[in-house]
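Chains X and H, in that order, give the protein sequences.
Mapping of the first sequence onto my numbering: position 66 corresponds to residue 66, and the numbering continues sequentially without gaps.
Just add 1000 to the spot in the second sequence (first one is 1) and you have my numbering.
Have a look at the structure below, then the notes.
Number of protein chains: 2
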Amino acid sequence: MAKQAPAAKPGVRGSRSGRPIMALLDLLGRRWTLRIIWELREGALTSRPLRSACDEASPTILQARLTELREAGFVELTDDGYGLTPLGRELFATFTPLHRFAERWSKHAGS
Amino acid sequence: MAKQAPAAKPGVRGSRSGRPIMALLDLLGRRWTLRIIWELREGALTSRPLRSACDEASPTILQARLTELREAGFVELTDDGYGLTPLGRELFATFTPLHRFAERWSKHAGS
DNA sequence: CGTATCGCTACAATAAATGTAGCAGTGAGA
DNA sequence: TCTCACTGCTACATTTATTGTAGCGATACG
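Structural data, given as structure tokens:
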């Protein structure tokens, strides 16, 4: 994993600006990160069901993303599997307008 | 880039679900995509200044992302350089809560 | 012509992601 | 206890994505 950052803020990658938004944008701009948060929106999932939900993504990368998301405080591992923390749920909440936007976008793109 | 999708909705990658949110999540979950939209927030930038704003990312990938974003209808090339379309500005607007969240997150992470 | 910039591309090197297989640990049922 | 199904998680070779450097043709200014 090569990164033992205590809370994922210091140097998430390509975001040496110190601005949290950069770190967040960078963290979210990795494959499957957004998707994982999205798939966890309705409740916790254990690793294999999460894998299925994520289009059978490889466990390697899923595990890596899950670790990053846990270090960032967005995801936690409970008895029910992986679930969003309160903070993670807040993050997901910011996706809601994105969801509505996506619907609008698909209509636009289709025309 | 092996993809000539007319409007970026059909098969953005790993999103054969048909749900627009998946396509959007996938498109945004590529390196520099979120960042580009973010950097264009205050106005158009020509390619090299955009490169500088994006931490000197390689022109190869920037060009690729720019093409994708243009096909998706989020970015356009004008006399002033690359700029967000009205649709792109709508997309950026959904990031605003994300920005506020990032600030809160950084405080959380720091503790 | 020389020298800028523009958008954009080629290409080799490196890093990230994929796909398949399998580990150790836990708990249930026979 | 043995087996079976599940949990989270990892190894490893292959493929794909990204990086970094260099440079293209076109346009504009002197």
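We treat Cβ as the ideally placed atom computed from N, Cα and C, and that holds for glycine.
Just so it is clear, the structure is predicted and the values come from calculations on it, not from any experiment.
Classification of residue i by the beta-carbon crowding that lies within 10 angstroms, buried from 16 upward
i              : result
residue 79/X   : exposed
residue 20/X   : buried
residue 96/X   : exposed
residue 1077/H : exposed
residue 103/X  : exposed
residue 1113/H : The question about residue 1113/H has no answer, for chain H in this structure spans 1001 to 1111.
residue 42/X   : exposed
Unbroken alpha helix (DSSP H) run spanning residue i, endpoints
i              : result
residue 1088/H : 1086 to 1093
residue 1026/H : 1020 to 1028
residue 40/X   : Element bounds for residue 40/X: n/a, residue is neither H nor E.
residue 56/X   : Unbroken run through residue 56/X: none, as it is neither H nor E.
Neighbouring residues, chain X, relative to residue i (Cβ below 9 Å)
i              : result
residue 1102/H : 19, 20, 21, 22, 23, 24, 25
residue 1040/H : Per Cβ cutoff of 9 Å: no residues; residue 1040/H is ~13 Å from chain X at best.
residue 1066/H : By Cβ distance, chain X contributes nothing, its closest Cβ being about 15 Å from residue 1066/H, past 9 Å.
Amino acids of chain H, ordered along the chain, whose beta-carbon sits closer than 8 Å to that of residue i
i            : result
residue 29/X : 1028, 1029, 1030, 1031, 1032, 1033, 1034, 1035
residue 50/X : Correct list: empty, because the minimum Cβ distance to chain H is about 15 Å.
Close Cβ partners of residue i (< 6 Å) along its chain, the five nearest in sequence each way excluded
i              : result
residue 1081/H : 1044, 1045, 1046
residue 36/X   : 65
residue 106/X  : none
residue 1070/H : none
Residue range of the beta strand (DSSP E) that includes residue i
i             : result
residue 112/X : It is not possible to answer for residue 112/X, since the shown part of chain X is limited to 1 through 111.
Neighbourhood of residue i by C-beta distance below 7 Å, restricted to the same chain and skipping five residues each side
i              : result
residue 32/X   : 54, 57, 61, 62, 65
residue 1051/H : 1057, 1059, 1062
Residues bridged to residue i [DSSP beta-bridge criterion]
i            : result
residue 45/X : 82/X
Listed by chain order, chain H residues near residue i by CB distance under 9 Å
i            : result
residue 91/X : 1098, 1101, 1105
Contact list for residue i against chain H, beta-carbon separation under 7 Å
i            : result
residue 94/X : 1097, 1098, 1101
residue 69/X : Within chain H, no residue comes near residue 69/X; the closest Cβ sits about 12 Å away, beyond 7 Å.
residue 62/X : Ordered by position in chain H, no residue passes the 7 Å Cβ test against residue 62/X, which lies about 13 Å from the chain.
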